[in-house]
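Engineer:
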Amino acid sequence: MALERTFCIVKPDAVEANKAGHILAHLEAKGFTLVAFKKTTLSRATAEGFYAVHKERPFFGELVEFMTRGPVVIAVLEKDNAVADYRAAMGATNPANAEEGTLRKLYAKSIGENAVHGSDSLDNARIEIAWFFAGSEVTAL
Ligand code: ATP
Ligand code: MG
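Counting along the sequence shown from 1, when you hit position 114 you're at 148 in the working numbering, and nothing is skipped either side.
1) At which residue ranges does the segment 94-118 contain complete alpha helix (DSSP H) runs of 4 or more residues, listed in the order of the chain?
2) Which residue comes first and which comes last in the beta strand (DSSP E) that contains threonine 74?
3) Using three-state DSSP, classify arginine 91 as helix, strand or coil.
4) Whose C-beta lies closer than 7 Å to the C-beta of valine 117 among residues of the same chain, with five residues either side of it excluded?
5) Which residue comes first and which comes last in the alpha helix (DSSP H) that contains glutamate 62?
6) Any idea what DSSP makes of valine 49, helix, strand or coil?
7) Determine the extent of the alpha helix (DSSP H) in which isoleucine 161 is found, giving its start and end residues.
8) Near the ligand MG, which residues have their beta-carbon less than 7 Å from any of its heavy atoms, given in chain order?
9) With 16 other CB atoms within 10 Å as the buried threshold, where does aspartate 114 fall?
10) If I measure Cβ to Cβ from valine 44 and keep anything under 8 Å in the same chain, skipping five residues before and after, which residues do I get?
11) Alpha carbon to alpha carbon, how far is glycine 95 from threonine 102? Give it in angstroms, no decimals.
12) Could you pull the start and end residues of the alpha helix (DSSP H) that leucine 140 belongs to?
13) Which residue from Val49, Gly146 and Phe167 puts its Cα closest to that of arginine 91?
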């Protein structure tokens, strides 16, 4: 398997609940290396752009409100097969369907407020990492 990087957002619900450190520690324990991370607050334009693929969906306004209501922690995670393994560690979008031991089972409240984001492909991981981290903040892979 190839060494990959993926992009993680600890969403405002989990940061508000003081679970950001728990979530990063959970991922380290699963073998992910933290290449870079920082706490920031998404602007409306950033949240709208990030989730632009969902802009026609009925929940888009609610999603942007949620993602901008407080700080997030964003991180670059590195591991063999990082993209798929992190999606597995996150669990299903709706925590009601998430497997035991997944981050969304442990920390998510609802399908809207679901604790974490993860890139859904290697191409999107590259785009998302480059959007949120300067080259000077991320060592070469
Ligand atoms: P993410 O992109 O945040 O990692 P995901 O890939 O599991 O999540 P998507 O289908 O891309 O799920 O949805 C993006 C986000 O939009 C979800 O994580 C959730 O916060 C929100 N969302 C998705 N479906 C709904 C819904 N039916 N009602 C409210 N919010 C939703
Ligand atoms: Mg998604």
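Note that CB positions come from ideal geometry on N, CA and C, so glycine has one too. Quick caveat, the model's predicted, so the values are computed rather than measured.
Structural biologist: According to the structure shown:
1) Runs of the alpha helix (DSSP H) inside the segment 94-118: 94-102.
2) DSSP places threonine 74 in the uninterrupted beta strand (DSSP E) bounded by 67-74.
3) DSSP places arginine 91 in coil when its eight states are reduced to three.
4) Setting aside the 5 residues that flank it on each side, valine 117 is surrounded in the same chain by Glu38, Thr40, Ser153, Ser155, Leu156 and Ala159, each with a C-beta closer than 7 Å to its C-beta; the list follows chain order.
5) Per DSSP, glutamate 62 belongs to the alpha helix (DSSP H) from 54-63.
6) Helix.
7) Where isoleucine 161 is concerned, the enclosing alpha helix (DSSP H) stretches over 156-166.
8) The chain-ordered list of residues whose CB is nearer than 7 Å to some heavy atom of the ligand MG reads His151 and Asp154.
9) Exposed.
10) Excluding residues within five positions, the ones whose Cβ falls inside 8 Å are Lys53, Ala54, Ile57, Leu58, Val106, Val107, Ile108, Ala109, Ala149 and Val150.
11) Taking the straight line from one Cα to the other gives about 11 Å.
12) Segment 137-141, the alpha helix (DSSP H) holding leucine 140.
13) Nearest C-alpha to arginine 91: Gly146.
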